[in-house]
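**Student:** Please read through the structure below; I'll follow up with questions.
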Amino acid sequence: MADPLARYNAKRDFTKTAEPAGAIAKGTGHSFMVQKHDATRLHWDLRLEMDGVLKSWAVTRGPSLDPDDKRLAVRTEDHPLSYATFEGTIPKGEYGGGTVMLWDRGTWAPVKGKSAKDLEKGHLHFILDGERMKGEWLLIRLKPRPKERTENWLLRKIDDEYAGPSGGLVDRCLTSVSTGRTMDEIAAGKDPPPAQLGEGDRSPKARGGGAARQRRAGAAPPPRSARSPSPSKARGGPELPAFTPPQLATLVDTVPTGSNWLHEAKYDGYRVLLAVGRGPSTGSEAKLFTRTGLDWTDKFAVIAEAAQSLDVGAALIDGEVVALDQAGKPSFSALQDALSRGSRDLTMFAFDLLSLDGEELKRLPNLERKELLRTIIPAEGPILFAEHVIGEGEKLFQAMCREGFEGIVSKRADAPYLGKRTQNWLKIKCIQRQEFVIVGWTASEARGRGFRSLLLGLNEGGKLRYAGKVGTGFNARLIEELSAKLEKLKSDKPTVEAPRAAVRGAHWVKPQLVAEIAFAEFTADNVVRHGSFIGLREDKKPAEVKPEKPVEPPAAPETSVKISNPERVIYPDSGITKGQLASYYAQVSGIMLPWLANRPISLVRCPQGRAKKCFFQKHDAGSFGEHVRHVPVKEKNGATEDYLYVDSAEGLLTCVQMGTIEFHGWGSLVPDIERPNRIVFDLDPDEGLDFEQVKKAALDLKRYLGDLGLVTFPMLTGGKGVHVVAPLTPEAAWPAVKDFTHRFALALEQSEPERFVANMSKAKRVGRIFVDYLRNQRGATAIMPYAARARPHAPVAAPIAWDELKDLDTAARFTVLDGEELIERANSRPLKGWGVAEQVLPDF
């Protein structure tokens, strides 16, 4: 039998390369890894364990999470299993000379019904469970062309829950899963951290502030609020948070419109508050409370156990515990069955964060709390993050109803957590469904059957009234269990007044059981029609059960701030009015506030329109009113001044009412103003340069910063240039951030003086691009995502994906008339996770 590693061994001189010599070995049979390999051409080597070797493909542009991307994968020689941990530098001149990083690792398996032997037929449909690559993938062999020497395949992601933006892996995962080093650090021979620090990407402290820290697990790193607490904050100290009353939703019959609403699926389960922290006499502890404060930790033990592994010192998390039916949808009936059987097959969907590491968060905007929550919820397991969309609630509602879900919950993106029922949270149901008190039953004519139907009641007008009956939704086991409960509650007197014909032969019970019922409607007599039993609600008290009647959704937030003179033309070149500008900001407030809220800002005010006198304003003498906030900031001269910031759509629109067109923000946030949470390089071209040169410069900065371990994101400025944005975990102070960005800009100037200049002098930037690093010093500001510009035709600053940049011919592609498109883009796969990465300032 031919040696499958003969080619591998023949290509290498093991006296010169540190790669392991090839020998067939016994492994697990299902491991996989990916090695990022900077050889003649940068590529990613995908290796799948089969028959004691690693079957290998060189993926030229790296794996893509976008199912529409078909990446060329060139089959290479089989590698030994010992190659699975190789990371280092292959000497120049040797086969494959260059830097090798262990970029991903995990296990693989063919999808159900397929086999590894399919590879011989030219295709392989498989599932990856790696630290970065997850879900279903497909390899397909291409038909060879005449005289073609290589065996070419295509690698494609299958559309599943792990699908994402095209650059969600190669652009955002820049460090080794084994040592946390960047390609540059590996090439320079920098020692990896000590083994006892654990494997995978290193924390900023473990890395000594070196390369980027990025959250593991496949797709784009989970969004992190601009306001996230520093990871250096002590973990494991705060005590177990106490129960607090949960926020409740108001029933409405239509989905609210506007981008200041975020929309989630309505989960069909038990509402819980999950407390994680240090117990009074033990170490790490977790408790689960019902909406009324009952301790149900024992019922949901699998959730409590998983919660103790969350990367937090303490947290209070709001969510819903569900069980999934055979179709994979949350089902209350399935949950009741799981609890009765003692099943551990439960899931908690987490949708809000009330406190973290001893810090109260309820006053923060809803969207900001969710972004903080996302950073502490793992990608898989019994506790999952409840995804949402911004705007486009009607589309989600239609999809949920089509798929058989209960409905959706819509939440004001900028609202605090109030712990009571308000119209900041709304629920919209696909079918009518609510709780009723069981007040009796009617006997069954069938022998052995416990009852024909249950009699229902509701609290209204200070007493319990008859609300109809339900006779479907039961199986034999459920009838037997309910009958036993009802027998213990029998009453000699009628529990409610009811029409004699409707309750003839009724057996009455004390009103102590609550049932959830789905029904078509209330009749003219105010009783349910076509009711179906869903399950008992042990978390609800009978006295709380009242009719749920839909109300009108609240007015959209854009109507709460009066805009005077809306007909005033402020863009004379295009006729756009103040009213249109206000409508734009109201429309995009939900996608803009995550970047703008709680950040000191400077406003460009043009009260008479953009062509007249405009001026910057960063302080307020009190004329802006209650919706625009103030934060005291100590100036260089020692004096303290109040700077402006906003945290709501009302605040945003108040500024527009006061003549604001542009919003520029600091690189840090109000709660931690001395530590920036982003870097911005503004590529500002000389007048004579075209946009093609700016695009090339932006892509070069992406590559250079990526070599240092920084994940970056592009943004069109709405003017002439492009911003290259690098999010930061707020650890380094302003002087360090300015020093890093200044030295980086100088290095660009020195390496390519004909292209770049680090001096803002107009005389010195002739024919060149000014790499404006000055946005990254204390008190400096940069235009915020989705902010309008005081320029002809009302352009706006707009986030884009790196893949889009090559096809654009202007930095002013979007205008205030494109609000709907910008919202759709913000929810799209290419922009999923834009502007989000957990990383610290690198060594440079």
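Just so we're on the same page, this note's numbering is the position in the sequence shown counted from 1, plus 2. The C-beta atom is built at its ideal place from N, Cα and C for all residues, glycine as well. Note that this is a predicted model, so its numbers are computed, not measured.
(1) Looking only at its own chain, which residues have a Cβ that is under 7 Å from the Cβ of residue 735, when we skip the five neighbours before and after it?
(2) Output the distance between the C-alpha atoms of residue 372 and residue 174, rounded to the nearest integer angstrom.
(3) How many angstroms separate the CA atom of residue 215 from the CA atom of residue 182?
(4) To the nearest angstrom, how far is the alpha carbon of residue 812 from that of residue 722?
(5) For the stretch 391–404 and the stretch 567–574, state whether three or more C-beta atom pairs, one from each stretch, are separated by less than 8 Å.
(6) In chain order, what residues of the same chain lie with their CB nearer than 6 Å to the CB of residue 533, ignoring the 5 residues before and after it?
(7) Measuring CA to CA, which of 552, 530, 529, 517 is closest to residue 540?
(8) Is the beta carbon of residue 24 less than 8 Å from the beta carbon of residue 11?
(9) Could you say which of 8, 806, 95 lies nearest to residue 78 if we only look at CA atoms?
(10) Hey, could you find the ends of the alpha helix (DSSP H) residue 744 is sitting in?
(11) Would you check if there are 3 or more beta carbon pairs closer than 8 Å linking the stretch 601–611 to the stretch 652–669?
(12) Within 10 Å of its beta-carbon, does residue 354 have 16 or more other beta-carbons around it, so buried, or fewer, so exposed?
(13) Mind listing, in chain order, the continuous alpha helix (DSSP H) runs of no fewer than 4 residues lying wholly within the stretch 384–422?
(14) Write down every uninterrupted run of the beta strand (DSSP E) in the stretch 674–716 whose length is 3 residues or greater and which is fully enclosed by it, in chain order.
(15) Taking only three categories from DSSP, how would you classify residue 846?
(16) Which residues mark the beginning and the end of the beta strand (DSSP E) in which residue 516 is found?
(17) Between the stretch 348–365 and the stretch 302–322, do at least 3 Cβ pairs fall closer than 8 Å?
(18) Which residue's Cα is closest to the Cα of residue 895: 694, 714, 597?
(19) By the DSSP assignment, the alpha helix (DSSP H) with residue 304 in it spans what residues?
(20) Shortest alpha-carbon distance to residue 803 belongs to which of 673, 789, 169, 40?
(21) Using a Cβ-Cβ cut-off of 8 Å (strictly less than) and excluding sequence neighbours within five positions of residue 621, which residues of its own chain qualify?
(22) Can you list, in chain order, the residues of its chain whose CB lies under 6 Å from that of residue 336, leaving out five sequence neighbours each side?
(23) Just to confirm, is the Cβ distance from residue 383 to residue 352 under 8 Å?
(24) Quick one: what does DSSP say residue 291 is sitting in, helix, strand or coil?
(25) Should residue 2 and residue 688 be called a contact, given that it needs their Cβ atoms to be closer than 8 Å?
(26) Please classify residue 234: is it buried, with 16 or more other beta-carbons within 10 angstroms of its beta-carbon, or exposed?
(27) Measure the alpha-carbon distance for residue 148 versus residue 40 and round it to whole angstroms.
(28) Run the CB neighbour count on residue 634, radius 10 Å, all protein chains shown included, and call it buried at 16 or more, exposed below.
(29) Residue range of the alpha helix (DSSP H) that residue 591 falls in?
(30) Sorted by chain position, which residues of the same chain lie with C-beta nearer than 7 Å to residue 231's C-beta, five sequence neighbours on each side aside?
(31) Can you give me the Cβ contacts of residue 793 inside the same chain, cut-off strictly under 8 Å, excluding the 5 residues immediately before and after it?
(32) Leaving out the 5 sequence neighbours to the left and right, which residues in its chain are closer than 7 Å to residue 580 when beta-carbon positions are compared?
(33) Please say whether residue 309 and residue 288 have beta carbons closer to each other than 8 Å?
(34) I'd like to check one pair, residue 34 with residue 14: are the Cβ atoms closer than 8 Å?
(35) Please return the same chain residues whose Cβ sits closer than 6 Å to the Cβ of residue 299, not counting the five positions on each side in sequence.
(36) Can you give me the Cβ contacts of residue 207 inside the same chain, cut-off strictly under 6 Å, excluding the 5 residues immediately before and after it?
**Tutor:** Reading it off the structure:
(1) So the list reads 676, 677, once near-sequence residues are dropped.
(2) So the two alpha carbons sit approximately 21 Å from each other.
(3) Its pLDDT being 27, under 50, residue 215 is placed unreliably by the model, and nothing is read from it.
(4) Their Cα atoms are separated by approximately 7 Å.
(5) Inter-segment contact for the stretch 391–404 and the stretch 567–574 is absent: fewer than three beta-carbon pairs are separated by less than 8 Å.
(6) Same-chain partners within the cutoff: 472, 519, 521.
(7) Closest option to residue 540, Cα to Cα, is 517.
(8) Going by C-beta atoms, residue 24 is nearer than 8 Å to residue 11.
(9) Residue 8 is the option with its Cα nearest to residue 78.
(10) Going by DSSP, residue 744 is part of the alpha helix (DSSP H) stretching over 736–753.
(11) Touching, yes, given that three or more Cβ pairs across the two stretches are closer than 8 Å.
(12) Result: buried.
(13) Complete alpha helix (DSSP H) runs here, min 4: 395–404.
(14) The qualifying runs are 680–687.
(15) It is coil, neither helix nor strand.
(16) Where residue 516 is concerned, the enclosing beta strand (DSSP E) stretches over 516–521.
(17) In short, these stretches touch, since the Cβ pair count reaches three.
(18) What is shown of the chain runs 3 to 846, which leaves residue 895 out entirely.
(19) Secondary structure note for residue 304: its alpha helix (DSSP H) is the uninterrupted segment 303–309.
(20) Per the Cα distances, 169.
(21) Counting only Cβ-Cβ distances below 8 Å, and skipping sequence neighbours, we find 643, 644, 645, 646.
(22) Within the same chain, 325, 327 come within 6 Å of residue 336 by CB-CB distance, once the 5 residues on both sides are set aside.
(23) Between residue 383 and residue 352, the gap from beta carbon to beta carbon reaches 8 Å or more.
(24) Reduced to three states, the DSSP call for residue 291 is strand.
(25) With the chain represented from 3 up to 846, any question about residue 2 goes unanswered, as that position is not in the structure.
(26) Unreliable placement is indicated for residue 234, whose pLDDT of 34 sits below 50; no coordinate value is reported for it.
(27) Straight through space, the alpha carbons of residue 40 and residue 148 are spaced by roughly 29 Å.
(28) Taking all protein chains shown into account, residue 634 has fewer than 16 neighbouring C-beta atoms within 10 Å of its C-beta and is therefore exposed.
(29) It spans 580–598 - the alpha helix (DSSP H) in which residue 591 sits, taken as one unbroken run.
(30) Note that residue 231 scores 41 on pLDDT, short of 50, meaning its location in the model is unreliable; the coordinates nonetheless yield the value given after this. Same-chain partners within the cutoff: 358, 359, 361.
(31) Around residue 793: 612, 720, 721, 814.
(32) These residues qualify, in order along the chain: 565, 567, 568, 570, 572.
(33) Result yes, Cβ atoms of residue 288 and residue 309 sit closer than 8 Å.
(34) For residue 14 and residue 34, no; Cβs fall outside 8 Å.
(35) Correct list, in chain order: 289, 290, 306.
(36) Confidence at residue 207 is low in this model, with a pLDDT of 32, below 50, so the placement of that residue is unreliable and no value is reported for it.
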